[in-house]
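Add 1 to a position in the sequence shown, counting from 1, and you land on the number used in this note's numbering.
All C-beta atoms, glycine included, are put in the ideal place defined by N, C-alpha and C.
Because the structure is a prediction, the values reported are computed rather than measured.
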Amino acid sequence: MDKRAAWRWMGAWIAAFVLALSGCGGGGADGGATGGTGGGATGGGPGPGTAALAITAQPQDASASAGQAATFSVAVTGGTSAPTYQWRLNGTAIAGATAASYTTASTAAGDSGGKYSVVVSSGSEKVTSADATLTVKPVAVSSAYFLLASAGPQGASLPIDFANGQQSTAMPALRAIDAAAPAGPAITLEAAGQTATFLNTQLLFEGSVVAGRVTNLHSRLGTYFKNGRLFLVDQVTAAGRTPASRLVSTLASTDVCGDGGYPIMDTYGSGKDLADATRSWLFFRAPGADMQCGTADDIFLAVRMNMAAGDLPLTTGEPLAGILDADGAFDGLLVRYGAEIVRRDAALTNPVPLFNVDPATFMNLGTPWGVQAGLWLYIDGARLRGINTTVPGSPVTLVTLAAGETLAPTSAGDAAHVYMAINGAAGARVIAIGQALTVDTIATLSASLLQLALTPTRLIMVTGGSAASGAVLSVPKAGGATTSLGSFVASAPVNPVIVSGEGVYFPSNSFTSGFNTVVVNSDGSHPVTLTDTELLKGIGASSFGLSDGSAVNYHAVLLAEGAALRQGPATLRAVTGDAASPLVTYGDFATIGPVLAPMLNPDPLQYGQPGLISMPNGDSIDLYFYRSDAAGLVHVAN
């Protein structure tokens, strides 16, 4: 497989979930669920001086474990007489459900996806609520967990029809690996050449959140297109059962825009629900009224993972930023309709207009993870602006860009600040944006900035852009003198830079003469070069806080050692900190051919979890299973 195709399989590690930064695109038309704040009032209106009947609190989506009940409620105001209620399930009246709230009977798995609504009457007036969806979760007493990945020989190119024409992509088989028994045969969910566009970078995550601390963050749901329809696979099954796919919504590939055989999706205005992945949304770009992709009137089709095969996707504007509540649940979405910025609730209903922007110059920068719920940044004209959507007020202009200045394609955040850089002809200036939307200059650099990372005490900066070389630098978070940590030639950019504690890891002589890794303390002390060692990825700590920020400081760093000339076996190890202290030696895997390009699936996201490494082997893909905190490396599939 060629390098471009190989890297399409790279899984999204934790930062792909927590970052939600930098994106722009066209707005679209509103097409949310029926109902809304006022519902649809019908009949004769109220008399003079009497307020019209209106819904002030819509029924909210609910979830329950199998065997438990769920409750839905509504609040209204106005009307000519005391209101009466009739609850409905999927549009059919429920006998005896005539109060302002309704509690279901004990739920079963087959009840999941049911749509509950209520018709409220007062005199001659009637108003119908929006639908609320019931999600029934299996009782988690005996379950199995499977890892999903593409593996084996690349299948024949499979055509897929998008709104902007037919495109082709070659797909290996979609495999599921039992995390409890990886040495057993891999389960083939879809054969090679049968599945178009397994959306590995759109795996949906789930974790446990207690007092703002996140544990067991793992991929839960995988999606893909087959025969032009969207399918969903749950990685959690009842014990003894294997994963199975199901259709989700009526979305068809012909409804959405494609690029190179893959649907164009929004990854910045994230709809991921950390507490319950089945309540997460995916957003697909689609043509607007002009029926063309990539124009100003493009819209987005929103699909929630608890939708049934017959449910229509919602139409929304450009997703800008998903907002999580204190429990990690999806709590709302900022969207753009042309010039108007709007906030919607977790069901993408109840739009609340916020303010307007200039559509021609607008650029979305997302909500930096952990800084403050609702803090959102964007470019409007030549202004970098921010707003805290949880506190009423107007956007604040943080920086005005001078002629020729652009925002660097990177940022990093901790619990207190977001760090960004502005590139210009003479170099870059690095700024820190505080929770109160204050701005301080941290460093002034003589070259453009390419990448940012954070240790507990310092900001790590990768610069480049000259014809000769670039550098890895650090500066205290509060500002001060910069320190050089290393350099590289311009033809071999340093990517990635990984931090663990105060240790900074980056490749040396990448893509030129061998594969070495430099490990140095963030203040420049104790540099060490690990020869014949390739830097692979980081694994997060077993617990982190929702307020920790978007820059991941990894507990473990994965290295492939002994990979001289990328021939013969290499040993996979995990180390930590500025001294590369050994954690685990997993074992050996073969490196075949002149290019070793491991494609890392998004498991494990936290130390202690199982994971897979996908590795090209000629025109095939091999899978290796490991547990991040224990020795052992199992070649599970090819």
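When only Cα atoms are considered, P360 and G339 end up about 6 Å apart.
Taking a contact to require three or more Cβ pairs closer than 8 Å, the region 520-531 and the region 451-466 qualify as touching. Burial is judged here by how many other beta carbons sit within 10 angstroms of a residue's own beta carbon; M292 has fewer than 16 and is exposed.
For T577, the closest alpha carbon among the candidates A542, D589, T534 and L547 is that of A542.
Beta-bridge partners of F232 (DSSP): Y225 and L248. Leaving aside the five residues that flank P528 on each side, the residues in its chain whose CB is nearer than 6 Å to its CB run, in chain order, V521. For secondary structure counted as the alpha helix (DSSP H) over 4 or more consecutive residues, the region 380-415 holds no complete run. The residue from A448, T484 and L385 with its alpha-carbon nearest to that of T439 is L385. Relative to the Cα of F226, the nearest Cα in the group V137, N639 and L159 belongs to L159. For K138, the enclosing beta strand (DSSP E) stretches over residues A133 to K138. In the structure shown, R280 falls within a helical segment according to DSSP collapsed to helix, strand and coil. Note on L313: under 16 other CB atoms within 10 angstroms of its CB, so exposed under the neighbour-count rule.
Rounded to the nearest angstrom, the Cβ distance from S621 to N639 is 6 Å, consistent with a contact under 8 Å. Two segments are said to touch when three or more pairs of C-beta atoms, one from each, lie closer than 8 Å; by this definition the region 141-150 does not touch the region 105-113.
Scanning its chain for C-beta atoms nearer than 7 Å, with the 5 sequence neighbours on each side dropped, one finds around G609 the residues S543, S629 and D630, in chain order. An exposed status is given to S582, since fewer than 16 other beta-carbon atoms sit within 10 Å of its beta-carbon. Spatial neighbours of N554 in its own chain (CB-CB distance under 6 Å, excluding positions within 5 residues in sequence) are listed in chain order as V500.
Taking a 10 Å sphere around the C-beta of D62, we find 16 or more other C-beta atoms and assign the residue as buried.
Around the beta-carbon of R247, fewer than 16 other beta-carbon atoms lie within 10 Å, marking it exposed. Here M306 is near L233, since their CB atoms are less than 8 Å apart.
Close CB contacts of S122 within its chain, under the 7 Å cut and outside five residues either way in sequence, are with P84 and T85 (chain order). Of all alpha-carbon atoms in F206, A71 and A253, the one lying nearest the alpha-carbon of D235 is that of F206. For the options A310, G329, G311 and I300, the alpha carbon positioned closest to that of L321 is the one of I300.
Boundaries of the beta strand (DSSP E) harbouring L613: P611 to N618, taken from the DSSP string.
Non-local C-beta neighbours of G185 in its own chain, meaning closer than 8 Å and more than five positions away in sequence, comprise D179, ordered along the chain. A check of alpha carbon separations from V77 across S130, A67, A454 and A70 identifies S130 as the nearest. For T189, the closest alpha carbon among the candidates A181, F331, P154 and G428 is that of P154. Membership of S122 in the beta strand (DSSP E) is indicated by the continuous run K116 to S123. Taken atom to atom, the span from the alpha-carbon of G68 to that of S118 is near 22 Å. M421 has its alpha-carbon roughly 38 Å from the corresponding atom of V249. By the neighbour-count definition (other C-beta atoms within 10 Å, threshold 16), N228 is an exposed residue. Collapsing the DSSP output to three states places S64 in a strand. Less than 8 Å divides the Cβ of Y587 from the Cβ of G633. Taken through DSSP and simplified to helix, strand or coil, D112 comes out as helix. In summary, S449 is buried, with 16 or more beta-carbon neighbours lying within 10 Å of its beta-carbon over all protein chains present. The beta carbon of G563 sits closer than 6 Å to the beta carbons of D533, A571 and T572 from its chain, once the five residues preceding and following it are set aside; these are given in chain order.
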